[in-house]
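Working notes, beginning with the structure itself.
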Amino acid sequence: MTDAPYVPPKVWTWTKENGGQFASINRPIAGATHDKELPIGKHPLQLYSLATPNGVKVTVMLEELLALGHKGAEYDAWLIKIGNGDQFGSGFVDINPNSKIPALMDRSGPEPIRVFESGSILFYLAEKFGAFLPKEIKARTEAMSWLFWQMGSAPYLGGGFGHFYAYAPFKIEYAIDRFAMEVKRQLDVLDRRLADNEYLAGKDYTIADIAVWPWYGALAKGLVYGAGEFLSVQDYKNVQRWTDQIAQRPAVKRGRMVNRVSGDPASQLHERHDASDFETKTQDKVAPAT
Numbered sequence: 001m002t003d004a005p006y007v008p009p010k011v012w013t014w015t016k017e018n019g020g021q022f023a024s025i026n027r028p029i030a031g032a033t034h035d036k037e038l039p040i041g042k043h044p045l046q047l048y049s050l051a052t053p054n055g056v057k058v059t060v061m062l063e064e065l066l067a068l069g070h071k072g073a074e075y076d077a078w079l080i081k082i083g084n085g086d087q088f089g090s091g092f093v094d095i096n097p098n099s100k101i102p103a104l105m106d107r108s109g110p111e112p113i114r115v116f117e118s119g120s121i122l123f124y125l126a127e128k129f130g131a132f133l134p135k136e137i138k139a140r141t142e143a144m145s146w147l148f149w150q151m152g153s154a155p156y157l158g159g160g161f162g163h164f165y166a167y168a169p170f171k172i173e174y175a176i177d178r179f180a181m182e183v184k185r186q187l188d189v190l191d192r193r194l195a196d197n198e199y200l201a202g203k204d205y206t207i208a209d210i211a212v213w214p215w216y217g218a219l220a221k222g223l224v225y226g227a228g229e230f231l232s233v234q235d236y237k238n239v240q241r242w243t244d245q246i247a248q249r250p251a252v253k254r255g256r257m258v259n260r261v262s263g264d265p266a267s268q269l270h271e272r273h274d275a276s277d278f279e280t281k282t283q284d285k286v287a288p289a290t
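Take 1 as the starting number for the sequence shown in UniProt numbering and just add one per residue.
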C-alpha cells in the first residue's frame, strides 16, 4: 500500500487477487472451473449449501415446513465448501449459473426443477406447500415487500460493511463509515416496523422473517463481523425482541445446524439426510470416530 491516491485506469483488467479473506474465490468471470457431479440423495428435495445467512434461510424454511407436517419437504442437504471452490464445479453451475449457495433441485415431479437465489427458493417452497406466505393480498404483498427488502439490503450489510470492516486487507475509513451508516439505517427501518408488528408482514410469521432473520438477527446478537459494539446493536430493542422470539422456534434451531462447519461441534450437522441426523450425526458425535 502506498500513499499515492488511486486513479482508476481507463479500462479495468484483472491482474492480481484483490486481497482479503475471500480473494482466492473472487474472479470476474462466470462458469465452471472443473468437472464435478453433485451427489443425489433419497428425498424429493436436494439442497446444496453452506450455513451462511443465505444458506440458513433455506434450511430453516425446510425444517419449518417439516414441522408443519409437509412430508414432501423432506430433503438431503449436501455441503458446498465455498472456500474450496465447490460452487464452481460443473454440477453446481448447472443448477446455479451464478455459482452462489444455496441451490435447490426439486426432483418430486416428472422433470427436475432447479431453483437458485435464496429469495426465489423461499418463494418457490412457500408456493409449493402453501405455507408461510399469506393468501390475502394485502398481507401477501407486505411479506413479499419485506422479502425483496432483504434481497436488496443485505449486500450493503455483507459485501459492503462486512467486507470493509472485517475482511478487507486494510481498513478504509470512508468505506467503513459509508456502510456503517447504511447498516444502522437498515436496523432502524426494521426496528420501526417491529415496534408495532410482531413479525415483518404483520401478525404472522412468514418467509419475510425467514429471509431477514439469519442476516439481521445474527447482526443484532453480535454474531457476525465482530461488530455488535461498533454498531450499538443493543439499541434496537424491537429487533432484539423479534430476534429472540424467532431463535426459540425448534425448526429454526435445527435449520441453523444444517451445513454448519464452525462453532460448537454439537451445533454442526455438516450434511442432513434424515431427521434423526440431528441426534446422531453432529460433529461432536462423528468427529471422535474420524
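Where a beta carbon is used, it is the ideal one built from N, C-alpha and C, also for glycine.
These figures come from a predicted structure and were not determined experimentally.
Within the stretch 59–125, the complete beta strand (DSSP E) segments at least 3 residues long are 75–79, 103–106 and 113–116, listed from N- to C-terminus. Taking every protein chain shown into account, the CB of Arg193 has 16 or more other CB atoms within 10 angstroms, so this residue is buried. Under the three-pair Cβ rule at 8 Å, the stretch 28–45 counts as touching the stretch 80–96. DSSP, read as helix, strand or coil, puts Gln46 in strand.
Put simply, of Trp215, Gln240 and Gln248 the residue whose alpha carbon is nearest the alpha carbon of Asn54 is Trp215. With contact defined as three or more Cβ pairs closer than 8 Å, the stretch 130–141 and the stretch 152–159 are not in contact. In this structure, Val58 and Ser118 form a Cβ contact; the two beta carbons are roughly 6 Å apart against a cut-off of 8 Å. Non-local C-beta neighbours of Tyr124 in its own chain, meaning closer than 7 Å and more than five positions away in sequence, comprise Val115, ordered along the chain.
Going by C-alpha positions, Glu271 is about 44 Å away from Pro8. Around the beta carbon of Phe170, fewer than 16 other beta carbons sit within 10 angstroms, so the residue counts as exposed.
For Gln268, no alpha helix (DSSP H) segment is defined, and its DSSP state is neither H nor E.
In the DSSP assignment, Val212 falls within the unbroken alpha helix (DSSP H) covering Ile207 to Val212. The residue among Asp3, Lys71, Gly72 and Pro97 with its C-alpha nearest the C-alpha of Ala30 is Pro97. Beyond the five residues adjoining it in sequence on each side, Leu104 comes within less than 6 Å, by CB distance, of Leu47, Val115 and Ile121 in the same chain, given in chain order. Where Ile246 is concerned, the enclosing alpha helix (DSSP H) starts and stops at Lys237 to Ala247. Bridge partners of Gly202 according to DSSP: Tyr199. Note on Asp191: 16 or more other CB atoms within 10 angstroms of its CB, so buried under the neighbour-count rule. Pairing Ala251 with Gly217 gives a Cβ-Cβ distance that is not under 8 Å. In the DSSP assignment, Gly152 falls within the unbroken alpha helix (DSSP H) covering Ile137 to Pro155. In this structure, Ala143 sits away from Thr243, with a CB-CB distance that is not shorter than 8 Å. With a threshold of 16 other beta carbon atoms within 10 Å, Gln234 falls short and is exposed. It is roughly 12 Å from the alpha-carbon of Lys71 to the alpha-carbon of Asp274. The beta carbon of Ile101 sits closer than 8 Å to the beta carbons of Tyr48, Ser49, Leu50, Thr52, Asn54, Gly55, Ile80, Ile82 and Gln87 from its chain, once the five residues preceding and following it are set aside; these are given in chain order. For Arg254, the uninterrupted alpha helix (DSSP H) segment begins and ends at Pro250 to Met257.
Leu68 and Ala166 have their C-alpha atoms roughly 38 Å apart. In the DSSP assignment, Val233 falls outside any alpha helix (DSSP H), carrying neither H nor E. The beta-carbon distance between Phe179 and Phe161, rounded to whole angstroms, is 4 Å. This is short enough to meet the 8 Å contact definition.
Check the Cα spacing between Ala211 and each of Phe132, Lys184 and Phe230: the tightest is with Phe132.
In this structure, the beta-carbon distance from Leu187 to Val239 falls below 8 Å.
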